[in-house]
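**Q**
In the numbering used here, the protein residues as written are 1 to 246.
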């Protein structure tokens with residue numbers, strides 16, 4: 001089966017481009033600060049699932065400034081392709097790749113998760129981070145992601161989550177509705193917009209796609225041995241599984 005037709009924009013894609021195009025210069029540092037240092041820990045847990053499988057090639061979707069791609073190249077020794085909607089983020093990622101000395105192992109390109117420009121079973125593994133809130137049809141996107149992974153290949157993801165325990169959920173709501181916008185405002189208008197957007201976005205996604213429903217969508221996309229780990233008192237969730245047929 002040949003690669004799909006060239007991508008076209010969607011409303012959610014356009015929203016993601018607008019939201020992130022002003023962030024690259026301080027994205028990595030501020031992402032850690034705004035998550036109280038948890039982003040890196042969650043990301044390492046996701047990458048652990050991939051490293052254990054010793055893949056030779058990995059696709060990192062929604063790669064942003066290539067933080068996951070760079071860690072995959074370093075820890076797994078894999079050849080990594082990273083795609084993202086936002087050219088400004090990719091330019092910052094390319095500079096970081098060069099600084100790390102991984103330019104021979106990492107290729108970055110503009111692309112959409114909904115229409116990947118790769119043939120079936122191209123990669124040994126795939127990762128995606130904070131992606132599903134920015135696509136219109138998560139089940140269709142999962143099927144497309146699974147399509148480009150070889151049978152038996154690992155697929156792993158990271159997403160924000162809403163704490164289940166009422167007291168922690170109340171603190172989470174206060175932080176995402178008041179704390180994040182306030183911290184973002186200190187960093188500039190672009191970060192204020194992200195801080196104001198993030199809490200409602202996570203809440204909406206959690207209502208429509210609770211963990212149980214998302215795990216079912218993974219299974220329906222042809223991913224087996226699906227598991228997950230809720231982290232940091234419910235603030236983040238890592239999911240992983242294996243492309244069926246291996």
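Ideal Cβ placement from N, Cα and C applies to all residues, glycine included.
On a predicted model such as this, the values are computed, not experimentally measured, just so you know.
1) Counting only the same chain and skipping the five closest in sequence on each side, list residues whose C-beta sits under 7 Å from that of residue 73.
2) Go through its chain and collect everything with a Cβ distance to residue 141's Cβ below 8 Å, but skip five positions before and after it.
3) Compute the minimum distance between the beta carbon of residue 110 and the heavy atoms of the ligand GDP, and state whether it is under 6 Å.
4) Quick check on DSSP: helix, strand or coil for residue 234?
5) Jot down the residue ranges of each uninterrupted beta strand (DSSP E) in the segment 47–100, minimum 3 residues, whole runs only, in chain order.
6) On the DSSP bridge list, what partners appear for residue 106?
7) Are the C-beta of residue 178 and some C-beta of chain C separated by less than 7 Å?
8) Output the distance between the C-alpha atoms of residue 216 and residue 144, rounded to the nearest integer angstrom.
9) Please state the DSSP three-state secondary structure of residue 24.
10) Whole angstroms are fine: how far does the CA of residue 117 sit from the CA of residue 65?
**A** According to the structure shown:
1) Stepping through the chain shown from its first residue, residue 73 is reached at position 73. The residues are 80, 102, 105, 106.
2) Along the chain shown, read from residue 1 onward, the residue named residue 141 stands at position 141. Its chain contains 113, 114, 131, 132, 135 as the residues whose beta carbon lies nearer than 8 Å to that of residue 141, once the 5 sequence neighbours on both sides are disregarded; these appear in chain order.
3) With respect to the ligand GDP, the structure shown offers nothing to examine, as it has no ligands at all.
4) Here residue 234 refers to the residue found at position 234 of the chain shown. In the structure shown, the three-state DSSP call for residue 234 is helix.
5) Annotation: the segment 47–100 contains the following complete segments of the beta strand (DSSP E) (minimum length 3 residues), in chain order: 57–61, 79–84.
6) Residue 106 sits at position 106 when you count from the first residue of the chain shown. Beta-bridge pairing links residue 106 to 80.
7) As a matter of chain content, chain C is missing from the structure shown, which is built from one protein chain.
8) Locating residue 216 in the chain shown gives position 216, counting from the first residue. Locating residue 144 in the chain shown gives position 144, counting from the first residue. Here the C-alpha atom of residue 216 lies approximately 16 Å from the C-alpha atom of residue 144.
9) Within the chain shown, numbered from 1, the residue matching residue 24 stands at position 24. Interpretation of residue 24 is limited by its pLDDT of 47, a score under 50 that renders its predicted location unreliable; no figure is taken from the coordinates.
10) As a first step, residue 65 must be located in the chain shown, where it is residue number 65. As a first step, residue 117 must be located in the chain shown, where it is residue number 117. Inter-residue distance for residue 65 and residue 117 is about 20 Å (C-alpha atoms, whole angstroms).
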